[in-house]
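All remarks here apply to the structure that follows.
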Amino acid sequence: MKLEILFIVLPLALVAIIFQFVPLLTRRGIFFSATVDPEFPQSADGRRLLRSYRLQAALWTVLTFALAALSATTRPAFGASLPVLLLVAGIGFSYWLKFREVHERYGLRRPEVREASLSPAEETASIRPWLVIPPFVAIAAAAFYLNAHWSQIPHQFPVHWGVNGQPNRWASRDFAGVYGPLLTATIMDLLCLGFAWALLRMSRKSMMRYVTVRMLEVLLYPLTLTFVVVSLLPLMRIPLWLAAVVLFAFIAGIFFWSYRKITAPSGLDEVPEPQNDSYWKAGVFYYNPHDPAIFVSKRVGIGYTVNFANKMSWVVLVGILLIALLPALLMRK
Amino acid sequence: MSSGLTLRIDLDSGVPAYRQIVDGLRILLVSGKLAPGSELPSVRRIAVDLGVHFNTVAEAYRTLAGEGWLELLHGRGATVIERDAPAANPEKVTEFRHRLRALVAEMQSQGASAAKLSVELRNAANELDV
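Heads up: the protein sequence lines correspond to chains X and P, in order. Under the numbering used here, residues 491 to 823 are what the first sequence spells out, in order. Under the numbering used here, residues 1089 to 1218 are what the second sequence spells out, in order.
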């Protein structure tokens, strides 16, 4: 029971801490997703708004922790998902209020001057094969190994463990049970590559695009490592804690590198895409029917969001969802 | 050939995006900065970068192709081609004169002297004359 509470408290605490720092993870000249003077966040009004947001976020956190404690005793099946959802919605609401205030009282309107490179070479900024092929080689090697040692695989083996460390889901020695994790890894890796490919063609050139594409390339490694380790568990005794440490170190490394790159003078200081604030609904949803770009760099955090006014964006979102669900659909018996 | 060149438009300007694209590209073509053989990016690439509709860029490319500057490449971009300068059409010269007079009047009303405007016009013509 104590471990279960930990599994509810940890995600909540993590989300609460992240939200305390979210307003700071943005480019110069953007504050609570609104366009402002680059010096505004350091002004008295800027600091007051940040303090007020953080206080509201802390209150939402306390409220959600109370709800989580209540649900842990009455509805433990909900786990951390419902409290986390409530926390995100509550702090999201506070963020929206701040966006509105900053936009209406302190917002600037930058001229929408756009520039296009006339060099065709710009289009070929590509995914690096030498970096993305090794994970697929690792998946193929694991598949060959499993095939070669098929008879040594137990008829039933654990594939999922509960918080108490005891297995709570088992798989059989058949195609889905043995190769399922590798198939999932392949689909997830292809999804990352597909997203990187689409970004290079359907977004504007920027430091954010460079960082996101590189992040997606490198993300193949922890993804592949996870599923290859899981696929080999019936044959090998791999200490899961070691795999978890390697995985965590890898992901932390990727984010540290991305953060450094984005906050470098050519990153966050890069002039943001000159979009009118009115295209950003609640400061986080981009809706611009005149913009053919499907992906636009987010105003807060690292990465991209879609242009919700573009029909193709919805096709892309549904496509990503279907592909992400594909392994589960294929493996259904 | 076209490396380092950029096309810039102002979406807040009263001038339609299509006109800004045609004018911007024509300046590069007339000045020789976009020389025959240069390849231009695809319509999709330019449209995404400028944040304008694909048809706006496609129409601009078609206009310049109609003037004999570009050869359109299906599904790709366009290539700058050799072009023989046509003899100046009297109607076009008359239209130019009207537009120029309107521009000169606008600038003089803002305080620019005739001598200053004359220098500006000579410089612009010399810069584009290759």
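All residues carry an ideal CB built from backbone N, CA and C; glycine is no exception. On a predicted model such as this, the values are computed, not experimentally measured, just so you know.
Rounded Cβ spacing between residue i and residue j (contact assumed at less than 8 Å)
{"i": "Gly743/X", "j": "Trp586/X", "result": "Not quite, the Cβ-Cβ distance comes to about 33 Å (not below 8 Å), so this is no contact."}
{"i": "Arg789/X", "j": "Thr516/X", "result": "6 Å"}
{"i": "Asp1100/P", "j": "Glu602/X", "result": "5 Å"}
{"i": "Ala558/X", "j": "Phe509/X", "result": "About 16 Å; that fails the 8 Å criterion."}
Buried/exposed call for residue i, threshold 16 Cβ in 10 Å
{"i": "Phe717/X", "result": "buried"}
{"i": "Leu539/X", "result": "buried"}
{"i": "Gly1139/P", "result": "buried"}
{"i": "Asp1137/P", "result": "buried"}
{"i": "Pro644/X", "result": "exposed"}
{"i": "His650/X", "result": "exposed"}
{"i": "Gln1108/P", "result": "buried"}
{"i": "Asn797/X", "result": "buried"}
{"i": "Thr614/X", "result": "Annotation note: pLDDT 45 at Thr614/X (below 50); position unreliable, no value reported."}
{"i": "Arg541/X", "result": "exposed"}
{"i": "Pro657/X", "result": "exposed"}
{"i": "Gly1163/P", "result": "exposed"}
{"i": "Arg659/X", "result": "exposed"}
{"i": "Gln765/X", "result": "buried"}
{"i": "Arg1133/P", "result": "buried"}
{"i": "Leu683/X", "result": "buried"}
{"i": "Trp1157/P", "result": "buried"}
Own chain residues within Cβ distance below 6 Å of residue i, not counting five before or after
{"i": "Met802/X", "result": "Ile784"}
{"i": "Thr1144/P", "result": "Ala1105 and Tyr1106"}
{"i": "Pro729/X", "result": "none"}
{"i": "Val720/X", "result": "Pro671"}
{"i": "Ala734/X", "result": "none"}
{"i": "Pro531/X", "result": "Phe521"}
{"i": "Ala1153/P", "result": "Leu1160"}
Beta-carbon contacts of residue i that lie in its chain and below 7 Å, excluding the five residues immediately before and after
{"i": "Ile629/X", "result": "Leu672, Ala675, Thr676, Thr714 and Val718"}
{"i": "Asp449/X", "result": "Nothing can be reported for residue 449/X, as the shown portion of chain X is limited to 491 through 823."}
{"i": "Asp767/X", "result": "Ala524, Thr525, His593 and Gly597"}
{"i": "Met1089/P", "result": "In this prediction, Met1089/P has a pLDDT of 45, which is less than 50 and means its spatial position is unreliable; nothing more can be read from the coordinates."}
{"i": "Arg618/X", "result": "Glu707"}
8 Å CB neighbourhood of residue i in its chain, flanking five on each side removed
{"i": "Asp759/X", "result": "In this prediction, Asp759/X has a pLDDT of 46, which is less than 50 and means its spatial position is unreliable; what the coordinates show is noted afterwards. Counting only Cβ-Cβ distances below 8 Å, and skipping sequence neighbours, we find Arg517 and Arg518."}
{"i": "Leu1205/P", "result": "Val1192, Met1195 and Gln1196"}
Using a Cβ distance threshold of 8 Å, determine whether the region 591 to 602 of chain X contacts the region 525 to 545 of chain X, with at least three qualifying pairs required. Put simply, the region 591 to 602 of chain X touches the region 525 to 545 of chain X. At least three CB pairs are less than 8 Å apart.
Near-chain P residues of the region 581 to 607 of chain X (beta-carbon distance less than 8 Å), N- to C-terminal order: Here the close residues are Pro601, Glu602, Val603, Arg604, Glu605, Ala606 and Ser607.
Using 8 Å as the threshold, is the region 573 to 590 of chain X in touch with the region 541 to 559 of chain X, meaning 3 or more CB pairs across them? Touching, per the Cβ criterion.
Spell out a yes or no on whether the region 632 to 644 of chain X and the region 1122 to 1142 of chain P are touching, meaning 3 or more CB-CB pairs, one atom from each, closer than 8 Å. Counting C-beta pairs closer than 8 Å gives fewer than three between the region 632 to 644 of chain X and the region 1122 to 1142 of chain P, which falls short of the contact rule.
Tell me whether the region 707 to 717 of chain X and the region 618 to 625 of chain X touch, counting them as touching only if at least three CB pairs, one residue from each stretch, are closer than 8 Å. As far as the Cβ criterion goes, the region 707 to 717 of chain X touches the region 618 to 625 of chain X, which means the pair count is three or higher.
Is it true that the region 1160 to 1169 of chain P meets the region 1117 to 1125 of chain P, where meeting means three or more beta-carbon pairs spaced less than 8 Å apart? Contact between the region 1160 to 1169 of chain P and the region 1117 to 1125 of chain P is present, because at least three Cβ pairs lie under 8 Å.
Interface positions of the region 1145 to 1163 of chain P facing chain X (Cβ-Cβ less than 7 Å), listed along the chain: Interface annotation for the region 1145 to 1163 of chain P against chain X: empty, criterion Cβ-Cβ distance under 7 Å.
Please name the residues in the region 646 to 672 of chain X whose beta-carbon is closer than 9 Å to at least one beta-carbon of chain P, in chain order. Correct list: empty, as no residue qualifies.
Output, in sequence order along the chain, the residues in the region 775 to 807 of chain X whose CB is closer than 9 Å to any CB in chain P. Of all residues in the region 775 to 807 of chain X, Asn778, His780, Asp781, Pro782, Ala783 and Ile784 have a Cβ within less than 9 Å of some Cβ in chain P.
Using a Cβ-Cβ cut-off of less than 8 Å, give me the residues of the region 687 to 700 of chain X that come near chain P, in sequence order. Those residues of the region 687 to 700 of chain X that come within reach of chain P (Cβ to Cβ, closer than 8 Å) are Arg691, Met692, Ser693, Arg694 and Lys695.
Can you list, in chain order, the residues of the region 1162 to 1178 of chain P whose Cβ is nearer than 9 Å to any Cβ on chain X? Against chain X - using a Cβ distance shorter than 9 Å - the residues of the region 1162 to 1178 of chain P are Arg1164 and Gly1165.
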